Amino acid sequence: MILNDSLFNSLMGLPTDLAARIEMVGAFVDKGSDQQLSRDDLNQLIQLLCRPLEEDENKFAVLESVDEKVIHLLEDHKEEAASILEEMITSEVALSGTHLLMQQLSNASKDLKTQLEPVLKKHYEKVYMKPYSWIAETDYTIDPRFSMNGSSIK
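For what it's worth, this note's numbering labels the leading residue of the sequence shown as 59, then goes sequentially.
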């Protein structure tokens with residue numbers, strides 16, 4: 059079943075517009091600068107970055123907001139972040155956004171590139187060799203392991 063963006067984001071507990079999404083990313087960055095992020099917090103941050111917005115023109119505009127603070131936070135949690143991203147790939151969840159995020163992180167940080175490149179190589183066929191329409195449908199996969207419901211950031 060393919061959901062429209064609004065219903066999908068509602069079911070996932072995700073903000074539907076770019077400004078709200080960026081605000082929540084900032085809240086996770088602030089929390090991460092004060093204390094160690096839990097795996098759930100890190101997963102929720104990744105969901106905010108990898109899941110599509112309701113905007114037709116640029117469903118992944120939130121990735122443009124990934125600044126040095128987000129990069130440094132993910133560098134501090136690089137093993138856990140790579141583990142979550144690999145789990146998303148193997149579960150066939152949000153492959154478009156996951157790929158875009160991994161590519162952006164790899165380009166922005168040598169540490170993250172070292173951590174993420176083996177994951178991309180291992181799953182090359184799943185991420186790159188499927189038809190785009192199939193990959194795009196995975197962006198709307200609902201899996202309770204990868205949602206914002208129960209988020210500690212509101």
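Ideal Cβ placement from N, Cα and C applies to all residues, glycine included. This structure is a prediction, so every number in the text was calculated from the model and none was measured.
Residue i, enclosing alpha helix (DSSP H) - first and last residue
{"i": "Lys-171", "result": "168-180"}
{"i": "Leu-87", "result": "At residue 87 the sequence reads Val, which differs from the Leu that was named. Its alpha helix (DSSP H) spans residues 76-92."}
{"i": "Tyr-190", "result": "190-196"}
Contact check, residue i vs residue j, beta carbons under 8 Å
{"i": "Thr-199", "j": "Val-151", "result": "yes"}
{"i": "Leu-143", "j": "Leu-121", "result": "no"}
{"i": "Gly-90", "j": "Leu-131", "result": "yes"}
{"i": "Lys-127", "j": "Val-87", "result": "yes"}
{"i": "Lys-136", "j": "Asp-169", "result": "yes"}
{"i": "Glu-138", "j": "Leu-100", "result": "yes"}
Residue nearest to residue i in terms of C-alpha spacing, selected from the options
{"i": "Ile-193", "options": "Asp-125, Pro-176, Ile-147, Ala-119", "result": "Ile-147"}
{"i": "Lys-184", "options": "Leu-153, Leu-174, Gln-161", "result": "Leu-153"}
{"i": "Glu-115", "options": "Tyr-186, Thr-156, His-157, Leu-76", "result": "Leu-76"}
{"i": "Met-82", "options": "Gln-94, Arg-97, Gln-105", "result": "Gln-105"}
{"i": "Ala-119", "options": "Lys-188, Ser-191, Gln-161, Ile-80", "result": "Ile-80"}
{"i": "Glu-145", "options": "Lys-180, Lys-171, Leu-163, Ala-78", "result": "Lys-180"}
Between the CA atoms of residue j and residue i - distance to the nearest angstrom
{"i": "Glu-34", "j": "Leu-111", "result": "Lying before the first or after the last residue shown, residue 34 is absent from the chain, which here runs from 59 to 212."}
{"i": "Asp-125", "j": "Asn-165", "result": "12 Å"}
{"i": "Ile-60", "j": "Phe-204", "result": "Bear in mind that a pLDDT of 47 at Ile-60, under 50, signals an unreliable position, so the number given afterwards is only what the model happens to contain. Distance between the alpha carbons of Ile-60 and Phe-204: 17 Å."}
{"i": "Arg-97", "j": "Glu-195", "result": "26 Å"}
{"i": "Ser-191", "j": "Leu-95", "result": "34 Å"}
{"i": "Pro-202", "j": "Gln-161", "result": "25 Å"}
Runs of alpha helix (DSSP H) wholly within the region 100-161 (minimum 4 residues, chain order): 126-134, 136-148
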